[in-house]
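Residue numbers (our numbering), protein chains in the order written: chain A, 138 to 442; chain B, -14 to 175.
Backbone N, C-alpha and C define an ideal beta-carbon position, used for all residues, glycine too.
Just so we're clear, the structure is a prediction, and the values are computed from it rather than from any experiment.
The structure appears below as structure tokens.
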């Protein structure tokens, strides 16, 4: 019997994506279109939704074409059902439901955070990791136990992606903020003292955001500020991760989500993993944003640490 | 016993120094403050700030984390009630522990619990901060002691209430609920 095929649709934030995957975990195609807000502005949810509306059919057709699977041969239609931006989520949900009704295929809602975790486990081969999920929509540390993903720690206010996006927007950098801040930070290096907030296994970023913007207003050099902002924010997450690792005693550490692409954060968590004798995995950049094959799976011993 | 806060290779050196020294001082101060509030803590003999080192009393016994799930119902409830009372004593003295996990509690033979690791502790009259303290406790029970988490949390809260009183306890619990709802993955909210 052939493996079932699933069409997955994602529209949680700035990207509308569609992919076809088989039941054995092969990603047959992966198509996407991203809404890019004007410089100095963040994602406007209804504008992003309009973008998704206008691109949905192209993206889905591209995913189907590349996969060489006929629509009627699909077995399941899945969509990301949140958390995410309401107006954007609605586009994916509506399109998925329409296809499901039209093709008579079952419709499966998928939690956005679980999608991030599952694609990372599938592509890296991690079996039972402590997961660090960092993106515009999430900042959580989680582990699987007794049939559930249990949250060991998370942000108490904004996510790390929000922190970077808001900082970027206020300082005239492009959106999404993370990659821009990483790029600008490379020319900085003087450490500016900024508030560091770890509450047990939880973190909070809003005070760090306010203080960074205040420092910017007082004329701090942007490269140094980007450098320090990254240092402090990632150190907070790394500490919370270390605590969770010590407490859960997991032997694998998996970094996923859009912010997983940041090289500095990767190196910090590699260091944490090494100290705890834990294998470190990081999701491939192209699957950092939810969607669906070849990811890096590097044991720390092979990273030259 | 020497408690040395080792430099973390992943952290920027100035941030690392700032965190290690400030936590060492906090811990020394608040281990003492907690003792004044009748919470058993190890005695501090010496503080070496520059090397982020505390010399303190060695406490013999297993961490609550290792034994909580192995105890029988009655002993577990008794232990948790005791933990709750100590948390209440800290909060009554406006002291927030900041890292209430079962790894940071040592059980002595005669059913007594010693609280350790005050590196994230601070002073506050704020119910929000007390709520965060209890929220973390609850989170740890849910994620690492899920088979007994409800029973354990109930016992902790009953011990807590005995110390801070019904009114304060209810106000703090309301905060805990509020904090839970702020989280993105709160089960009850879904």
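Residue range of the unbroken beta strand (DSSP E) whose run includes residue i
i             : result
residue 33/B  : 29 to 33
residue 143/A : 142 to 147
residue 87/B  : Counting along the chain, residue 87/B falls outside any beta strand (DSSP E), and DSSP gives it neither H nor E.
residue 154/A : 152 to 159
residue 214/A : 213 to 217
Own chain, CB closer than 6 Å to residue i, minus 5 neighbours either side, in chain order
i             : result
residue 197/A : 155
residue 186/A : 224, 225, 228
residue 422/A : 398
residue 85/B  : 118, 121, 122
For residue i: DSSP bridge partner residues
i             : result
residue 339/A : 336/A
residue 279/A : 268/A, 288/A
residue 391/A : 268/A, 418/A
residue 38/B  : -11/B, 33/B
residue 100/B : 90/B
residue 182/A : None; residue 182/A has no bridge partner.
residue 197/A : Per DSSP, none; premise fails for residue 197/A.
residue 396/A : DSSP lists no partner for residue 396/A.
residue 108/B : 80/B
residue 175/A : Answer is none; residue 175/A lacks a bridge partner.
residue 4/B   : Note: residue 4/B sits in no beta bridge, so no partner.
residue 245/A : 215/A
Neighbourhood of residue i by C-beta distance below 7 Å, restricted to the same chain and skipping five residues each side
i             : result
residue 385/A : 267, 280, 289
residue 369/A : 331, 333, 345
residue 118/A : Limits of chain A in this structure are 138 at one end and 442 at the other, which puts residue 118/A out of reach.
residue 28/B  : 41, 42
residue 438/A : At residue 438/A, the pLDDT of 31 sits below 50, so the modelled position is not reliable; the number obtained from the coordinates is stated separately. Within the same chain, residue 438/A has no close Cβ partners at all.
Burial state of residue i (16 or more Cβ within 10 Å)
i             : result
residue 301/A : buried
residue 175/B : A caution first: residue 175/B carries a pLDDT of 34, below 50, which makes its placement in the model too unreliable to give a value.
residue 371/A : buried
residue 367/A : buried
residue 207/A : exposed
residue 142/A : buried
residue 175/A : exposed
residue -2/B  : exposed
residue 194/A : exposed
residue -8/B  : exposed
residue 57/B  : exposed
residue 424/A : buried
residue 43/B  : exposed
residue 30/B  : exposed
residue 242/A : buried
residue 166/B : exposed
Own chain partners of residue i with C-beta closer than 8 Å, once the 5 adjacent residues on each side are dropped
i             : result
residue 127/B : 134
residue 143/B : 66, 69
residue 81/B  : 75, 106, 107, 108, 109, 114, 115, 117, 118
residue 173/A : 151, 312
residue 352/A : 329, 331, 362
residue 427/A : At residue 427/A the pLDDT is 43, less than 50, meaning the model places this residue with poor confidence; the figure from the coordinates comes in the next sentence. For residue 427/A, where only same-chain residues beyond five positions count, the Cβ hits under 8 Å are 147, 149, 154, 217, 249, 252, 253, 256.
residue 94/B  : 46
residue 287/A : 279, 280, 281
residue 436/A : Since pLDDT at residue 436/A reaches only 32, below the 50 mark, its modelled position is unreliable, and the value read off the structure follows with that caveat. Excluding sequence neighbours, residue 436/A sits near 416, 417.
Extent of the continuous alpha helix (DSSP H) run through residue i
i             : result
residue 269/A : It is not in any alpha helix (DSSP H) - residue 269/A instead sits in the beta strand (DSSP E) that spans 267 to 271.
residue 293/A : First-last for residue 293/A: undefined, no H or E at that position.
residue 167/A : Careful: residue 167/A lies outside any alpha helix (DSSP H), inside the beta strand (DSSP E) at 164 to 171.
residue 49/B  : 49 to 52
residue 24/B  : Where residue 24/B is concerned, there is no enclosing alpha helix (DSSP H), given that its DSSP letter is neither H nor E.
residue 254/A : 249 to 261
residue 402/A : 400 to 412
residue 159/B : 151 to 167
residue 386/A : No alpha helix (DSSP H) holds residue 386/A; DSSP gives it neither H nor E.
residue 123/B : 112 to 129
residue 195/B : Residue 195/B cannot be examined here, being either before or after the span of chain B that is shown, -14 to 175.
residue 240/A : 223 to 240
residue 320/A : 314 to 322
C-beta atoms of residue i and residue j nearer than 8 Å
i             : j             : result
residue 221/A : residue 149/A : yes
residue 245/A : residue 213/A : yes
residue 420/A : residue 359/A : no
residue 9/B   : residue 40/B  : no
residue 336/A : residue 83/B  : yes
residue 269/A : residue 144/A : no
residue 140/B : residue 62/B  : yes
residue 25/B  : residue 99/B  : yes
residue 401/A : residue 319/A : yes
residue 138/B : residue 123/B : yes
residue 54/B  : residue 132/B : yes
residue 264/A : residue 389/A : yes
residue 315/A : residue 395/A : yes
residue 340/A : residue 375/A : no
Cross-chain neighbours of residue i in chain C, by beta carbon under 9 Å
i             : result
residue 372/A : The structure shown contains no chain C; its protein chains are A and B.
Residue i CB to nearest heavy atom of the ligand GDP below 7 Å
i             : result
residue 412/A : The ligand GDP is absent from the structure shown, which contains no ligands of any kind.
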